[in-house]
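Structure first, commentary second.
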Amino acid sequence: MPDAEFDVVTIGAGGGAYPAALRLARAGLRVLLTDPKGALGGNCLAEGCIPSKTMREMAAHIRLHARLTGDLADVGYDRIVAHKDAVQTARYAQHGRELAAAPLVTLRKAVARFVDRHTLAIDDDMGRTTVKARHIIVASGADVFLPALPGTDLCLTSRDLFRRNPTLTERPASLIIIGGGAIGVETASLFAALGTRVTILQRGPQILAGMDMDMVVALRALLDPGIRIIPDADVTAVERTPHGLRVHYTCAGQALQEEAATVLMAIGRQPVFPEGLGALGVAFDKRGIRVNAAMQTDLPHLYACGDVNGRLPLFHAAVRESLVASHNILAGNTPCDYMDYTAVPVTLFTIPPAAQVGLTGAVAKAGPSIPELLETAYAFCDDARAQMQGDTGGGIHLFFETGNLRLRGGWVVGIDAAQLIGEIGLAVAAGLSAHDLARFPDQHPMAAEGISHAARTLL
Ligand code: ADP
1493 MPDAEFDVVT
1503 IGAGGGAYPA
1513 ALRLARAGLR
1523 VLLTDPKGAL
1533 GGNCLAEGCI
1543 PSKTMREMAA
1553 HIRLHARLTG
1563 DLADVGYDRI
1573 VAHKDAVQTA
1583 RYAQHGRELA
1593 AAPLVTLRKA
1603 VARFVDRHTL
1613 AIDDDMGRTT
1623 VKARHIIVAS
1633 GADVFLPALP
1643 GTDLCLTSRD
1653 LFRRNPTLTE
1663 RPASLIIIGG
1673 GAIGVETASL
1683 FAALGTRVTI
1693 LQRGPQILAG
1703 MDMDMVVALR
1713 ALLDPGIRII
1723 PDADVTAVER
1733 TPHGLRVHYT
1743 CAGQALQEEA
1753 ATVLMAIGRQ
1763 PVFPEGLGAL
1773 GVAFDKRGIR
1783 VNAAMQTDLP
1793 HLYACGDVNG
1803 RLPLFHAAVR
1813 ESLVASHNIL
1823 AGNTPCDYMD
1833 YTAVPVTLFT
1843 IPPAAQVGLT
1853 GAVAKAGPSI
1863 PELLETAYAF
1873 CDDARAQMQG
1883 DTGGGIHLFF
1893 ETGNLRLRGG
1903 WVVGIDAAQL
1913 IGEIGLAVAA
1923 GLSAHDLARF
1933 PDQHPMAAEG
1943 ISHAARTLL
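Numbered per the numbering used here, the sequence shown spans residues 1493 to 1951.
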């Protein structure tokens, strides 16, 4: 006999879980959220986007101030960390209020594991209970991937930098980042802006593999020139020295080394699977749990949302996936809503930022059967807001389908990229054309003027 029964149980309480929980409760369903953190927000709030972007925001302001005044403000790393902690605390309180306003949602600070297809064992400080669920959402997220190399334990991870009361409390004079993916390059940019000497050791020839390479080339030209990027570096070991840490690596068959005060391991993240998943008969591999467009696994009542399905590891993608799952649960597991990945914005929160959405030039070149694209651009050197900010590098690139001139994608490098990609993404999702964009009076003097300006060049 189970100890309790719920309409829906979620494993995890991050972006892949709680939007669904709140939606389902609004429709009258009883939902149990389980998460060992005992709070909503998952890793995004605990150690990911929120804290890292808060610190990045402060670093970008310090840089803006320095650019416009010539003075590099000495804010102090402790104050940057204190602000980050305060933002996290405020958001936890906000989530607490959301929960209090949803009496049909219960959150338990616990780890869940599968007993069978409808039964979960829930372990917390009080012991074990068993719950039965008509529907289950697996949203157990992803975790830092640590390689089995000597000295891995000497390295920090993003968790040590960004969690509340982080391990790293002082800005290091020098930092080696192992891994040139989004987390590695964003962190490099953040610390370089604060004055740290940063070196990225990148295994392959290119940083930011998987992003539009034209955008990456444009971004690299604008990143802090102090950031050293060593490509084709295969790290073999990390060891302690009297002054800090030494990283051993091979490059083109040569054994080389680099030293720094601190080393960050940022070679990727891997999905976290709840115990007992393997016995259920759903397909999954090291990349994630297989789902259809309705976010269902091979079992129609069992959904997998967020990083655990390996589709697109971004909080906003997880939120939409979670809502798709909730709608399909309300429809009795007969799908009525589907996830569309064609217009999900992806931003690199570097300084300056870079962002892309949809079908872009470099992606199009690599793909076999996609429409021919017309590219049009707007350079920030002519932009009023960029001039005000003293930051006129980069620009907006839009990609339209030839013939009907429908916007299929775009990328932005430079000021406000993370904001601009939202407007571009919405236009892609809504199927707007160059005519539609050209007719829209984008606000002056904001960088979004460049979107309608670029569209008008085609007409
Ligand atoms: P997403 O954005 O994909 O929802 P996150 O990584 O932000 O992913 O959140 C996933 C959450 O799932 C984390 O807070 C983690 O603590 C939690 N979690 C992982 N495994 C379990 C489990 N077996 N039971 C309950 N919660 C879990």
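Heads up, the beta-carbon is just placed ideally off N, CA and C, and yes, glycines get one too.
Return the bridge partner residues of G1901 from the DSSP annotation. G1850 and F1891
Span of the alpha helix (DSSP H), counted from its first residue to its last, around I1542: C1541 to T1561
Under a three-way DSSP split, which group does A1701 fall into? coil
Could you tell me which of V1730, V1920 and P1933 sits nearest to G1850, measuring between CA atoms? V1920
Provide the residue(s) that pair with S1666 in DSSP beta bridges, ordered along the chain. For S1666, the beta-bridge partners assigned by DSSP are R1689.
For L1532, count neighbouring C-beta atoms within 10 Å of its own C-beta (all shown protein chains included) and say buried if the count is 16 or more, exposed if not. buried
Comparing alpha-carbon positions, which option in A1513, A1947 and M1938 lies nearest A1931? Note on identity: in this sequence residue 1931 is Arg, with Ala being the wrong assignment. Comparing Cα positions, the closest option is A1947.
Backbone CA spacing between V1727 and H1793 [nearest angstrom]: 43 Å
CB-CB length for A1625 against D1615, believed under 8 Å: Wrong, their Cβ atoms sit about 16 Å apart, outside the cutoff.
Can you list, in chain order, the residues of its chain with a C-beta nearer than 7 Å to that of P1639? Leave out the 5 residues immediately preceding and following it. Taking C-beta separations shorter than 7 Å and ignoring five residues to either side along the sequence, the partners of P1639 in its chain run I1759, following chain order.
Does the Cβ of K1601 lie closer than 6 Å to at least one heavy atom of the ligand ADP? no
Is the distance from the Cβ of V1910 to the Cβ of T1839 below 7 Å? The question names Val, but residue 1910 is Ala in the sequence shown. In this structure, T1839 lies closer than 7 Å to A1910 by Cβ.
Could you tell me whether any non-hydrogen atom of the ligand ADP is closer than 6 Å to the CB of K1529? K1529: yes, Cβ under 6 Å from the ligand ADP.
Nearest neighbour of L1715, chosen from C1541, A1505 and A1552 [CA to CA]: A1552
Please find out if some non-hydrogen atom of the ligand ADP comes closer than 6 Å to the beta-carbon of D1799. yes
Cβ-based burial, R1877 [other Cβ within 10 Å; buried from 16]: Per the 10 Å Cβ criterion, buried.
Alpha carbons only, please: which of F1807, T1679 and V1739 is nearest the one belonging to S1650? T1679
Enclosing beta strand (DSSP E) for A1823 [first to last residue]: Neither: A1823 is in no beta strand (DSSP E) and is coded neither H nor E.
Can you find a heavy atom of the ligand ADP that lies under 6 Å from the Cβ of T1598? Within the chosen limit of 6 Å, the ligand ADP does not reach the beta carbon of T1598 with any heavy atom.
Quick check on V1709: buried or exposed, where buried means 16 or more other Cβ atoms within 10 Å of its Cβ? Counting Cβ neighbours within 10 Å, V1709 comes out exposed, since fewer than 16 surround it.
Do the segment 1797 to 1804 and the segment 1648 to 1662 touch if we need at least three Cβ pairs shorter than 8 Å? no
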